[in-house]
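Below is one structure; the comments refer to it alone.
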Amino acid sequence: MHACFAAFVDTRYNVVLPIIGVQGFQWAVDNDMWQARVDSIKHLFEEARIDSGKSEIDAEVVKKVWDKIAPGADDPRCPVLGLQEPASKAAEAYAEAGSADKFKDPKN
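Using the working numbering, the first residue of the sequence shown is number 482, and each one after it goes up by one.
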């Protein structure tokens, strides 16, 4: 969204490519990559740590918090389904170019 605003007000932009991120919280827990997200709302996780009787925030505390605030919920700001069409088209383009082996579908 911000890229579109910038292009609208600044004529030096020739091409704008807004990008949306897809986040997998379970992946973050499984791969020990949850710290930055926890740090953004640390007070919440600190309270959960205290409630659990732990001396530090760990993956177990993080998962328990996430399961309470968004159990299995999809984040409408990060629609995974929106990646299916571009991934499919990219796979087709790579195949047509004889390089199907060079495209790795992120969901597989």
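Cβ atoms here follow ideal geometry from the backbone N, Cα and C, with glycine treated the same way.
Mind checking whether the beta-carbon of residue i lies closer than 8 angstroms to any heavy atom of the ligand SAH?
| i | result |
| --- | --- |
| G579 | Inclusion of the ligand SAH in the displayed structure is not the case, the ligand content being empty and no account of it being possible. |
Taking the alpha helix (DSSP H) that residue i belongs to, which residues open and close that run?
| i | result |
| --- | --- |
| S569 | Q565 to E577 |
| S533 | K523 to S533 |
| E541 | A540 to I550 |
Please go through the same chain and pick out, in chain order, the residues whose beta-carbon is closer than 8 angstroms to the beta-carbon of residue i, but skip the five residues on each side of it.
| i | result |
| --- | --- |
| W515 | F506, A509, A540 and V543 |
With a 10 Å radius around its C-beta and 16 neighbouring C-beta atoms as the bar for buried, classify residue i as buried or exposed.
| i | result |
| --- | --- |
| I522 | exposed |
| V497 | exposed |
| V546 | buried |
| F526 | buried |
| V519 | buried |
Cβ atoms of residue j and residue i: under 9 angstroms apart, would you say?
| i | j | result |
| --- | --- | --- |
| I538 | A529 | yes |
| A581 | A572 | yes |
Using C-beta distances below 7 angstroms, list every residue in its chain close to residue i, excluding the 5 sequence neighbours before and after it, in chain order.
| i | result |
| --- | --- |
| R494 | Arg is not the amino acid found at residue 494; the sequence shown has Tyr there. For Y494, where only same-chain residues beyond five positions count, the Cβ hits under 7 angstroms are A487 and A488. |
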